[in-house]
Structure formats: C-alpha cells, structure tokens
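A short worksheet on the structure shown next.
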Amino acid sequence: GAGVSQSPSNKVTEKGKDVELRCDPISGHTALYWYRQSLGQGLEFLIYFQGNSAPDKSGLPSDRFSAERTGGSVSTLTIQRTQQEDSAVYLCASSRQSVRAFFGQGTRLTVV
Amino acid sequence: QKEVEQNSGPLSVPEGAIASLNCTYSDRGSQSFFWYRQYSGKSPELIMFIYSNGDKEDGRFTAQLNKASQYVSLLIRDSQPSDSATYLCAVNDAGGTSYGKLTFGQGTILTVHP
Numbered sequence: 046g047a048g049v050s051q052s053p054s055n056k057v058t059e060k061g062k063d064v065e066l067r068c069d070p071i072s073g074h075t076a077l078y079w080y081r082q083s084l085g086q087g088l089e090f091l092i093y094f095q096g097n098s099a100p101d102k103s104g105l106p107s108d109r110f111s112a113e114r115t116g117g118s119v120s121t122l123t124i125q126r127t128q129q130e131d132s133a134v135y136l137c138a139s140s141r142q143s144v145r146a147f148f149g150q151g152t153r154l155t156v157v
Numbered sequence: 310q311k312e313v314e315q316n317s318g319p320l321s322v323p324e325g326a327i328a329s330l331n332c333t334y335s336d337r338g339s340q341s342f343f344w345y346r347q348y349s350g351k352s353p354e355l356i357m358f359i360y361s362n363g364d365k366e367d368g369r370f371t372a373q374l375n376k377a378s379q380y381v382s383l384l385i386r387d388s389q390p391s392d393s394a395t396y397l398c399a400v401n402d403a404g405g406t407s408y409g410k411l412t413f414g415q416g417t418i419l420t421v422h423p
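If you read the sequences in order, they're chains C and F.
Letter by letter, the first sequence follows residues 46 to 157 in the working numbering.
Letter by letter, the second sequence follows residues 310 to 423 in the working numbering.
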C-alpha cells in the first residue's frame, strides 16, 4: 500500500486478556518501529527492527510485551495479560535506510 | 536517560504572525533533530529534520540548532489556522545503530487564531 497500515484501528479488551496489534509497513522499507503514545503524552519508543538484525527491544516496558516481524515485512506487537496502564495509542512506523520514518494511523487500545 | 524537553503550551499566536517553538535535549552527542506535526487524533507527520551541521529552511518553516545550548527551534512564518496542532520535537539516538529510534518531547500545542 501507499502508507503504513495498522490494524485494528481501535481495540477494547478486558483486563487480563492478550491482544495482538498488526503493522504492515511501506513496501521496501527495511526498518520498522513501534511507539506508544499515552493520553497527552509524547511518543515512547518500544521496539525497532532493521532487516535481519536482532531487534532493539530496549523500550519494551515489561515482559508482557513482545513483537515479531515475519519475512522482514509485517509485524505483530503482542501484549499479554493486559493492564489498564497499557491503554494508549500504539503507533508503528517504517523507513528505508534514512532516518525519515513514516507513521501509521495507530491502534487505540483501551483496557477495561 | 536521554531527555527531550518542550514547553507543553498552549502557544497561541494570531494568524500571519511568527510561531516559535523550542525544545532542549540532554545528549550532547545527538546528531539528528526532527520536528513532527500531529493533528488531534492523527498520527505524527514529519515536517522538518536537520543534522548537526546546519539550519534548514523549507517554505514557511525554519529549523535551527544551537549545539552549544543544546536546543532546537522551529519557526513558522505567516502562521495559518491550519498550522494549529501539536508539534513534537525528536532527537536521534546518537551513537546507536537504530537510525529510527527517536526520543520525543512531550509536544507543544500551537493554536493560530484568525
């Protein structure tokens, strides 16, 4: 597609459930990033994938969070045993070798 | 802990005026600096980026870097109501291999009133 695609756009889940968020980057972009934006806050880095290199997971807030990227394209961010503090907009971005990252529209996660 | 600080605002300017947005960063080794615009309910959109070697002008936007004082500014000339948004300052993770790993400020809300 023309841009970074994320699904679902909105997700409401019960506390304790697992959720999966999907990101389809721009075709040809080797780098993929996940960020989180809580209400009224800036963007918080979560994880970064670059080609076949080991991902940079330094931003994941707990071991309940994990992400994978299959075939160097689509990525899935999984949150296990969701908590209310996980409620946020989860943004995915992709880029070529340059630093110019393009963001998707995000997934708004609400944990009730 | 690398930090990027911005005044959350809101910054209110009249239409046609110059809007000046600033942010400070803590990592002296930072090499790349970015300004993203985010409309309410939308994703961030890159509007300007500069490297440590100089300022940049693009249309009504000018990004300036003061390395000695470790702050970056964004000037918007002839401000329009459509410029009303949250402006996020971001700094590249200097020295790392993650070109896209950015540290963001909290954002400054800009309101341009007619």
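Every residue gets a Cβ at the ideal spot worked out from N, C-alpha and C, and that includes glycine.
- Which of the three DSSP states, helix, strand or coil, is assigned to residue 323 (chain F)? As a first step, residue 323 (chain F) is located in the second sequence; it is residue number 14 there, counting from the start. It is a strand residue.
- Message: Does any residue of chain F have a CB that is nearer than 7 angstroms to the CB of residue 150 (chain C)?
- Response: Position 105 of the first sequence holds residue 150 (chain C). At least one CB of chain F lies nearer than 7 angstroms to the CB of residue 150 (chain C).
- Item | Bridge partners - residue 422 (chain F), DSSP secondary structure assignment | Counting from one through the second sequence, the residue named residue 422 (chain F) turns up at place 113. Answer by DSSP bridge pairing, in chain order: F:323.
- Query: Run through DSSP, which three-state label would residue 364 (chain F) get?
  - Reply: Residue 364 (chain F) sits at position 55 when you count from the first residue of the second sequence. Note: residue 364 (chain F) maps to coil in three-state DSSP.
- Determine the closest residue to residue 61 (chain C) out of C:94, C:82, C:109 and C:87, with distance taken between C-alpha atoms. As a working note, residue 61 (chain C) is residue 16 in the first sequence. Nearest option by C-alpha distance: C:109.
- Starting from the Cα of residue 315 (chain F), find the closest Cα among F:325, F:330, F:386 and F:322 and give me that residue. Position 6 of the second sequence, counted from the start, is the residue given in the question as residue 315 (chain F). Answer by Cα proximity: F:330.
- Query: chain C beta carbons: is any one of them nearer than 7 angstroms to that of residue 352 (chain F)?
  - Reply: By 1-based counting over the second sequence, the position of residue 352 (chain F) is 43. Closer than 7 angstroms: yes.
- Quick one, which of F:345, F:339 and F:421 has its alpha-carbon nearest residue 389 (chain F)'s? The residue you call residue 389 (chain F) lines up with position 80 of the second sequence. Among F:345, F:339 and F:421, the Cα nearest to that of residue 389 (chain F) is on F:421.
- Query: From residue 119 (chain C) to residue 132 (chain C), what distance separates their C-alpha atoms?
  - Reply: Within the first sequence, residue 119 (chain C) is the residue found at index 74, counting from 1. Within the first sequence, residue 132 (chain C) is the residue found at index 87, counting from 1. If you take the alpha carbons of residue 119 (chain C) and residue 132 (chain C), they lie about 23 angstroms apart.
- Query: Pairing CB atoms from the stretch 321–341 of chain F with CB atoms from the stretch 95–114 of chain C, are three or more of them under 8 angstroms?
  - Reply: no
- For chain C, is any of its Cβ atoms less than 7 angstroms away from the one on residue 389 (chain F)? In the second sequence, the residue the question calls residue 389 (chain F) occupies position 80. No, its Cβ sits nowhere closer than 7 angstroms to a Cβ of chain C.
- residue 392 (chain F) - DSSP class collapsed to helix/strand/coil: The residue given as residue 392 (chain F) occupies position 83 in the second sequence. Helix, per DSSP.
- Where residue 130 (chain C) sits in the DSSP three-state scheme: Looking up residue 130 (chain C) in the first sequence gives position 85. If DSSP states are grouped into helix, strand and coil, residue 130 (chain C) belongs with the helices.
- Query: By how many angstroms is the C-alpha of residue 327 (chain F) removed from the C-alpha of residue 377 (chain F)?
  - Reply: Translated into positions along the second sequence, residue 377 (chain F) becomes position 68. Translated into positions along the second sequence, residue 327 (chain F) becomes position 18. For residue 377 (chain F) and residue 327 (chain F), the distance between alpha carbons rounds to 24 angstroms.
- Do residue 322 (chain F) and residue 400 (chain F) have their C-beta atoms within less than 7 angstroms of each other? Residue 322 (chain F) sits at position 13 when you count from the first residue of the second sequence. Residue 400 (chain F) sits at position 91 when you count from the first residue of the second sequence. No; because the gap between Cβ atoms is not below 7 angstroms, this pair is not in contact.
- So, residue 360 (chain F) versus residue 353 (chain F), is the Cβ gap smaller than 7 angstroms? As a first step, residue 360 (chain F) is located in the second sequence; it is residue number 51 there, counting from the start. As a first step, residue 353 (chain F) is located in the second sequence; it is residue number 44 there, counting from the start. No; because the gap between Cβ atoms is not below 7 angstroms, this pair is not in contact.
- Would the beta-carbon of residue 122 (chain C) fall within 7 angstroms of that of residue 138 (chain C)? Mapped onto the first sequence, residue 122 (chain C) falls at position 77. Mapped onto the first sequence, residue 138 (chain C) falls at position 93. In this structure, residue 138 (chain C) does not lie closer than 7 angstroms to residue 122 (chain C) by Cβ.
- Task: Check each residue of the stretch 346–376 of chain F: if its Cβ is closer than 8 angstroms to any Cβ of chain C, include it; give the result in chain order.
- Result: 351, 352, 353, 354, 355 and 358
- Message: So if I threshold CB-CB distances at 7 angstroms, which residues from the stretch 68–90 of chain C count as touching chain F?
- Response: 76, 78, 86, 87, 88 and 90
- Could one say the Cβ of residue 135 (chain C) lies closer than 7 angstroms to chain F's Cβ atoms, at least one of them? Here residue 135 (chain C) corresponds to residue number 90 of the first sequence, with the count starting at 1. It does not: the Cβ of residue 135 (chain C) has no partner Cβ on chain F nearer than 7 angstroms.
- Going straight from the alpha carbon of residue 415 (chain F) to that of residue 395 (chain F), what length do you get? Along the second sequence, one-based indexing puts residue 415 (chain F) at 106. Along the second sequence, one-based indexing puts residue 395 (chain F) at 86. So the alpha carbons of these two residues sit roughly 9 angstroms apart.
- Message: Applying the 10 Å Cβ sphere with the 16-neighbour rule, what's the burial state of residue 84 (chain C)?
- Response: Within the first sequence, residue 84 (chain C) is the residue found at index 39, counting from 1. Exposed, by the Cβ-count rule.
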